[in-house]
Amino acid sequence: MDVTFSFDNTYSRLPGRFFARVDPTPVSNPSLIAVNHELAQELQLDPAWLASPEGIAVLAGNLVPDGAEPIAAAYAGHQFGHPVPQLGDGRAVLIGETVDRTGVRRDIQLKGSGRTPFSRGGDGRAALGPVIREYLVSEAMAALGIPTTRALAAVVTGETVIRERPLPGAVLTRVASSHIRVGTFQYFAFRRDIDGVRTLADYVIARHYPDAAGTGTPYRALLDAVVARQADLVAQWLLVGFIHGVMNTDNMSVAGETIDYGPCAFLDAYDPATVLSAIDQLGRYAYGNQPGIAHWNLTRLAETLVPLLADETEAAIATAQEALAAFAPRFEAAFHAGLRRKLGLSSEREGDAALGQDLLDLMRDNQADYTLTFRNLGAAAGDPAGDRQVRDLFVDPTAYDPWSRRWRRRLAEDPQAAEDRRTAMDSVNPKFIPRNHRIEAVIEAAVERGDLSPFAELRTVLSSPFDEQPHFEAYAAPPSEQQRVLQTFCGT
Ligand code: AMP
Ligand code: MG
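So in our numbering, the last spot in the sequence shown is 492, and the numbers never skip.
Structure representation (structure tokens):
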């Protein structure tokens, strides 16, 4: 185990126009609020060192460790459908890359670490609330088995940041398989810098999609691979009820990880039209729009690659369209396979997709809790007495009954043994998700009362989302009418 990071940096070897070299800005009085032991060990880091004064100084940006080469990456993006030629890391620096225990290269980034040349009018800082939200939700996603950036640690800075009101400042240490976004490609494409696009594409192939290099058409293979990973990722989001909230192209990783947790949230009651983000007035990033938006974003990526796909523009566009056409079937296949598993089906039959969709429609019409409906189906699958726990989640419980008879007939044709089915269902239908009202309560305790124990407890609960945790049963419950959170804010 290393006492400190052993960096092996590659992005900072790319041409100078890819980033700005900038150190984090020191803060007055940092203190640690969380360190992720399991992730530290994956990164071959000693968690005790991270929690030491020297470790905290690094996590706060007060000490640049040996081997670090801090940079702010340049990127552009479409925000809510509108092109913005320059965004970039305005409140984050990549301090370096390290190779983890399994040989995977990981970025270590400080988010909230001060101004950079990309800050525009911003202060380069992060408030404690959004740092807590990102920590909790990204780690919950990881525990759910969904590709995501990770949270290695969080510190408070001892300084105040001014938002709608003064708030405690914080820095999150984010770990990602890289921070390259669709918007990174767009940065060069917007400048007609085809060499930049090619250099970036070659880098992404080498780092994330090495198999593409061996094909005769590496850039086509790159696009195919990104399309496939994104389709799989969004299917997984939908299967757990995740709403990203700001799927701008600068918030979409080309490595296929969930990135940039802002006004994100999980569904309580199932409704595909759900929008919680306060900045998404038109509902562009509603839960049910996410596959369509992912395709839209991938189309923007494909546009940047057109000059690399063929000599003739027409042929290149045809190639890009072919690659993009694979998105919908890939997404549908991943989503429906996941939905079958959620229903306890180990086999595939015609009509399964309709069976799943009909349940979703009934859930929407009856405001049924998404997470608990599926979780409780696990108990009902082997024992019809369990039906009560499902039907009670529906405004009109009788709406569930005809569907349940259909489902049982289908289960009877499925070869899986009843005991195995319950285990299989419980391993894909989480009991504990980061419910919005819980996150808000944790943030309020931390910000208003300096009480971090609810944060610690919620982290514990969310680290085992599929297990029964009798001590923490209350965390499985949906919000009451009064507890319901109607809007989330990115708070930047
Ligand atoms: P996000 O909302 O995190 O996707 O950020 C969009 C853009 O705004 C990115 O370029 C960020 O770096 C930048 N940004 C967000 N908050 C701040 C801030 N407090 N200071 C400077 N730049 C920021
Ligand atoms: Mg962002």
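Think of the CB as a built atom: it goes at the ideal place given N, C-alpha and C, for glycine as much as any other residue.
What is the rounded straight-line gap between the Cα of residue 331 and the Cα of residue 185?
Take the alpha-carbon of residue 331 and the one of residue 185: they are about 23 Å apart.
Beta-carbon spacing of residue 109, residue 92 below 8 Å
Their beta carbons are under 8 Å apart, which means residue 109 touches residue 92 by this criterion.
Residues near residue 379 by beta carbon distance below 6 Å, same chain, minus five either side:
The beta carbon of residue 379 sits closer than 6 Å to the beta carbons of 386 from its chain, once the five residues preceding and following it are set aside; these are given in chain order.
Who are residue 166's beta bridge partners in DSSP?
Per DSSP, the beta bridge partners of residue 166 are 162.
Using only the heavy atoms of the ligand MG, determine whether one of them is closer than 7 Å to the beta carbon of residue 251.
Flag set: Cβ of residue 251 near the ligand MG.
For residue 443, which residues of its own chain have a beta-carbon under 6 Å away from its beta-carbon, when the five flanking residues on both sides are left out?
Sequence-distant Cβ neighbours of residue 443 in its own chain, meaning closer than 6 Å and more than five residues away, are 129 and 132.
Are the beta-carbon atoms belonging to residue 159 and residue 27 less than 8 Å from one another?
The criterion of a C-beta distance shorter than 8 Å is satisfied by residue 159 and residue 27.
DSSP three-state label for residue 109, please.
Residue 109 sits in a strand when the DSSP states are folded into three classes.
Put residue 518 into one of helix, strand or coil per three-state DSSP.
Here the chain has residues from 1 to 492 only, and residue 518 is not among them.
Given a threshold of 16 other Cβ atoms within 10 Å of its Cβ, counted over all protein chains shown, does residue 101 qualify as buried or as exposed?
With fewer than 16 other Cβ atoms from the protein chains shown falling within 10 Å of its own Cβ, residue 101 counts as exposed.
Secondary structure, alpha helix (DSSP H): runs of 4+ residues fully inside the stretch 263-327:
Those alpha helix (DSSP H) runs which fall completely within the stretch 263-327 and span 4+ residues are 290-309 and 313-325.
Using CA atoms only, rank isn't needed, just tell me which of 449, 349 and 304 is closest to residue 75.
Answer by Cα proximity: 304.
Verify the contact flag: residue 260, CB atom, against every heavy atom of the ligand FAD, threshold strictly below 7 Å.
Although the ligand FAD was asked about, the structure shown includes only the ligand AMP and the ligand MG as ligands.
Residue nearest to residue 153 in terms of C-alpha spacing, selected from 198, 70 and 30:
Across the set 198, 70 and 30, the C-alpha of 30 shows the shortest separation from the C-alpha of residue 153.
Can you tell me whether residue 362 is helix, strand or coil according to DSSP?
Helix, per DSSP.
Exposed or buried, which one is residue 277 when buried takes at least 16 other CB atoms within 10 Å?
Around the CB of residue 277, 16 or more other CB atoms lie within 10 Å, so the residue is classed as buried.
In whole angstroms, give me the CA-to-CA distance for residue 329 and residue 391.
Taking the straight line from one Cα to the other gives about 33 Å.
Beta-carbon gap between residue 285 and residue 272 smaller than 8 Å:
At least 8 Å separates the beta-carbon of residue 285 from that of residue 272.
By DSSP, does residue 18 sit in helix, in strand, or in coil?
Reduced to three states, the DSSP call for residue 18 is helix.
DSSP three-state label for residue 204, please.
In the structure shown, residue 204 sits in a helix (DSSP, three-state: H, G or I).
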